[in-house]
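Position 24 of the sequence shown, counted from 1, bears residue number 24 in this note's numbering, the numbering being contiguous throughout. Contents: one structure, followed by commentary.
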Amino acid sequence: MVESGLKMPMIECILAKGIKILSKKWTPHIFCHLLDHEVLTFTELQNSIKKQFKEGITGSVLSETLKLLEKHRLIKKRVITDYIPAKTEYNLTKKGKELRIIYGFIKKWALKWINEEQLEGLEATYVALLR
1 MVESGLKMPM IECILAKGIK ILSKKWTPHI FCHLLDHEVL TFTELQNSIK
51 KQFKEGITGS VLSETLKLLE KHRLIKKRVI TDYIPAKTEY NLTKKGKELR
101 IIYGFIKKWA LKWINEEQLE GLEATYVALL R
């Protein structure tokens, strides 16, 4: 029950909707790279993620994730036709850049509450994102 006295099913909770969008497997990594580099091409983004993770990210999964983020207006896609083949660049929108604050709070929380034992099973790159 929310403070106004209205009952709201959990599935419709605005927090749950936000978390659903942001919790897709590769979304945090895409955001971290775009926050660090401001603008990245599709290939640069894919390669930088592949450098961090053994498994990497397939082009189709990256494309699908970027489309979802673009649909929610968190990133902006720009096609540059001066190149053959055309180059596609991605950057965070104002709405997407506001997530820097949220990611900062999550990082602080993780550093405070996730202990070394819990981190042991994670890949080194996940640990690096938390530090």
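Virtual Cβ for every residue (Gly too), placed ideally from N, Cα, C.
If you reduce the DSSP assignment to three classes, tell me which class residue i lands in.
{"i": "Leu76", "result": "Going by the sequence as given, residue 76 is Lys instead of Leu. Three-state result, Lys76: strand."}
{"i": "Tyr83", "result": "coil"}
{"i": "Thr27", "result": "helix"}
{"i": "Phe53", "result": "coil"}
{"i": "Ile114", "result": "coil"}
{"i": "Thr65", "result": "helix"}
{"i": "Glu70", "result": "helix"}
{"i": "Glu44", "result": "helix"}
Using DSSP's beta-bridge definition, name the partner residues of residue i.
{"i": "Leu34", "result": "For Leu34, which the question treats as bridged, DSSP gives no partner whatsoever."}
{"i": "Asn91", "result": "Val39, Lys76"}
Taking the alpha carbon of residue i as the reference point, which residue from the options has its own alpha carbon closest?
{"i": "Ala86", "options": "Thr93, Lys77, Lys94", "result": "Lys77"}
{"i": "Glu64", "options": "Ile114, Lys24, Leu15", "result": "Lys24"}
{"i": "Thr53", "options": "Lys17, Trp26, Leu68", "result": "The sequence given here has Phe at residue 53, not Thr. Comparing Cα positions, the closest option is Trp26."}
Using a Cβ-Cβ cut-off of 7 angstroms (strictly less than) and excluding sequence neighbours within five positions of residue i, which residues of its own chain qualify?
{"i": "Ile21", "result": "His72"}
Within a Cβ cutoff of 6 angstroms, which residues of the same chain sit near residue i, ignoring the five residues on either side of it in sequence?
{"i": "Ile30", "result": "none"}
{"i": "Leu62", "result": "Gln46"}
Please say whether residue j and residue i have beta carbons closer to each other than 8 angstroms?
{"i": "Leu35", "j": "Leu92", "result": "yes"}
{"i": "Glu70", "j": "Leu40", "result": "no"}
{"i": "Lys95", "j": "Leu74", "result": "yes"}
Which residues in the same chain as residue i place their Cβ atom closer than 8 angstroms to its Cβ, once the five residues preceding and following it in sequence are excluded?
{"i": "Tyr103", "result": "Pro28, Phe31, Cys32, Leu35"}
Output yes if chain C places a C-beta closer than 8 angstroms to the C-beta of residue i; else output no.
{"i": "Ile106", "result": "Reference to chain C is not applicable here, since this structure consists of a single protein chain."}
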